[in-house]
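Read through the structure below, which is laid out as structure tokens, and then see the notes.
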Amino acid sequence: FFSSSPERNETMPLSLFNACASVAILSLCNAFVLHDSPRIMHKLRLLASPQSSNDDDAAELQAQANELREKIREMEEALGDSRVNRNYEYQPVEPSVYDEDEDISLKGKTVLVAGANGRLGSMVCRYLLRNYPQTKVVAAVHYIGENSPTSRGYGRLSYEVGAEDGAGSIGAAWSAEDRTASFQYVDEMKDYNLQNLRVIDVEFLDPVQCSTVVDGVDSVVWCATDFNGNQPRAVSGLNFAFLFRAVTVPDKGRVEVEGLRNILGTLKNAKQSKGWSDDNGLQPIAGRTTITESKGKTEPINVVLVSVAPDIFEDFETPFGTFKDQKRQGEDLLKNEFPSLSFTILQMGQYSDNFVDENLEILMKEKESRPDGDITKDRRKINRRDAAKAVVEALENKEILGKTMQVWTAER
């Protein structure tokens, strides 16, 4: 940038110096291809502005700077849409109906049972363990405290899966040598497949906790509920733990709605991550068949939601909405907010373990409107063991995929 004249080299005009600096900076930008930083380029272009239009040398250098800017602009135009975030390509598509020749299997899969310490949830765990020895079961239980009535749910789950069927011995209290107790499994328990069971504590109304329980899960069976029949547990069982939670944290949500949404959201995210990752790294969902298929093998139904038939209970008003309204909200959010998850909704008849035998034929009918004067649906009942069987088998039943089915075994 210097001329051969000593006088010119003694003092360089400020405008000429700025122009030289601008050309140098833009040249470096061109070399490093910093086309992804519009904010930085904007500042550099400001530096390249001429300070004096009357200086011939500065004008010449400014022309060079303009030329470099034009080259950079051409490079940006050549990049086109490649600089745009194209996350839309990785959004999951709505699963299509399974082909007739494809078999759905739970073999080698992991099923999360939400509400596993409940009467139905514990029986679902039992049925899965006894009849699907190659399936892992994650029992998600809600445990509040050691002295809470909810703690008996561990006992119910333990009883149903057969964890208490071992042989135990207790030494005599007056003998210092025999004052010991022992418990061990017996040969009869080998078919219980308890090695496939994992029990976890979770608060479904806490999104952070929900995000930690669906890792590696293929399907979710939702049996969790805040109700005993049509009444909140805090009311029907005088459960002060639930009542305390409802009073102290009224905005925490409802298990039937916000709790379900938390689990479905984390399951959807986990399915997306699993769909994106394979041996070749991240791949768009559009390159696959559906989100319910992986490496050529058809996955089981993602979600089986256990609900209640609309006509078997009277409605019950709560501070967070009526009993029936909460049940229908849960069904609607599964269908409308999570189109990438395959699902089946089972509206159970009234549970009756004492007056309805088990091992009866399971009757299913797609959700229907109630004709005037029809009281038959009020009398639809089912034993919980048959209900557990219907829930598990729904995971592999592609004929009821995406449908809301009413389920019962007897009309009493």
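Under the numbering used here, residues 1053 to 1464 are what the sequence shown spells out, in order. We put the beta carbon where it would ideally sit given N, CA and C, even for glycine. This one's a predicted model, so the numbers in the text were calculated from it and none came from an experiment.
{"Asked": "P1371 - DSSP class collapsed to helix/strand/coil", "Found": "coil"}
{"Asked": "Among A1219, F1372 and R1250, the one whose alpha carbon lies nearest that of Y1237", "Found": "A1219"}
{"Asked": "Test item: CB-CB of L1209 and Y1184 under 8 Å", "Found": "no"}
{"Asked": "R1432, buried or exposed, once every other Cβ within 10 Å from all chains shown has been counted against 16", "Found": "buried"}
{"Asked": "R1250: first and last residue of the uninterrupted beta strand (DSSP E) it sits in", "Found": "L1249 to D1253"}
{"Asked": "Beta carbon of V1254 nearer than 8 Å to that of V1265", "Found": "yes"}
{"Asked": "Inter-stretch contact (C-beta, 8 Å, three-pair minimum) for the region 1349-1357 and the region 1277-1284", "Found": "no"}
{"Asked": "N- and C-terminal bounds of the alpha helix (DSSP H) containing R1182", "Found": "R1171 to N1183"}
{"Asked": "Limits of the alpha helix (DSSP H) - the one that Q1261 falls within", "Found": "P1259 to S1263"}
{"Asked": "Residue range of the alpha helix (DSSP H) that includes L1209", "Found": "R1204 to V1213"}
{"Asked": "Sequence-distant residues of the same chain with beta carbon closer than 6 Å to L1357, five excluded per side", "Found": "W1274, L1386 and I1397"}
{"Asked": "Rounded separation between V1378 and P1259 - CA only", "Found": "Looking at the sequence shown, residue 1378 is not Val but Gln. Cα-Cα distance, rounded: 19 Å."}
{"Asked": "Beta-carbon contacts of Q1283 that lie in its chain and below 6 Å, excluding the five residues immediately before and after", "Found": "F1368"}
{"Asked": "Alpha carbon of V1272 to alpha carbon of I1222, nearest angstrom", "Found": "40 Å"}
{"Asked": "Residue nearest to V1309 in terms of C-alpha spacing, selected from K1326, E1389 and D1363", "Found": "E1389"}
{"Asked": "Sub-8 Å separation of Q1412 and A1462 beta-carbons", "Found": "Reading off the sequence, residue 1412 comes out as Leu, not Gln. Against a cut-off of 8 Å, the Cβ pair of A1462 and L1412 comes out as a contact."}
{"Asked": "The region 1172-1186 contacting the region 1431-1447, beta-carbon criterion three pairs below 8 Å", "Found": "yes"}
{"Asked": "Limits of the alpha helix (DSSP H) - the one that A1439 falls within", "Found": "R1436 to A1446"}
{"Asked": "Selected residue, minimal CA-CA separation from D1430, among R1437, E1451, E1410 and V1459", "Found": "V1459"}
{"Asked": "Reduced DSSP secondary structure (H/G/I, E/B, other) of N1406", "Found": "coil"}
{"Asked": "Cβ-Cβ separation, L1257 to G1311 (assumed contact under 8 Å), whole Å", "Found": "5 Å"}
{"Asked": "Nearest-angstrom beta carbon gap, T1162 and V1190 [assumed within contact, 8 Å]", "Found": "6 Å"}
{"Asked": "First through last residue of the beta strand (DSSP E) which encompasses A1192", "Found": "K1188 to V1193"}
{"Asked": "Per DSSP, the bridge partner or partners of L1158", "Found": "Paired residue(s): none; L1158 is not in a bridge."}
{"Asked": "Which listed residue (I1156, K1188, V1213 and D1155) has its alpha carbon closest to that of N1169", "Found": "V1213"}
{"Asked": "R1027, buried or exposed, once every other Cβ within 10 Å from all chains shown has been counted against 16", "Found": "The first residue shown for the chain is 1053 and the last is 1464, placing residue 1027 beyond what the model contains."}
{"Asked": "Burial state of Y1179 (16 or more Cβ within 10 Å)", "Found": "buried"}
{"Asked": "Range covered by the beta strand (DSSP E) that runs through I1222", "Found": "A1219 to I1222"}
{"Asked": "Beta-carbon separation (whole angstroms), Q1402 vs S1359, contact threshold 8 Å", "Found": "Contact doesn't hold; Cβ gap of about 13 Å is too wide."}
{"Asked": "Anticipated Cβ contact below 8 Å, I1156 with E1448, distance rounded", "Found": "4 Å"}
{"Asked": "C-beta contact flag for R1380 and D1405 at 8 Å", "Found": "no"}
{"Asked": "First and last residue of the uninterrupted beta strand (DSSP E) at V1358", "Found": "V1355 to V1360"}
{"Asked": "Identity of the residue in F1395, A1110, E1451 and P1391 nearest K1417 by Cα", "Found": "E1451"}
{"Asked": "Rounded C-alpha distance that separates S1263 from K1455", "Found": "27 Å"}
{"Asked": "K1242 to S1234 span [Cα, whole Å]", "Found": "19 Å"}
{"Asked": "Three-way DSSP call (helix, strand, coil) for R1432 in this model", "Found": "strand"}
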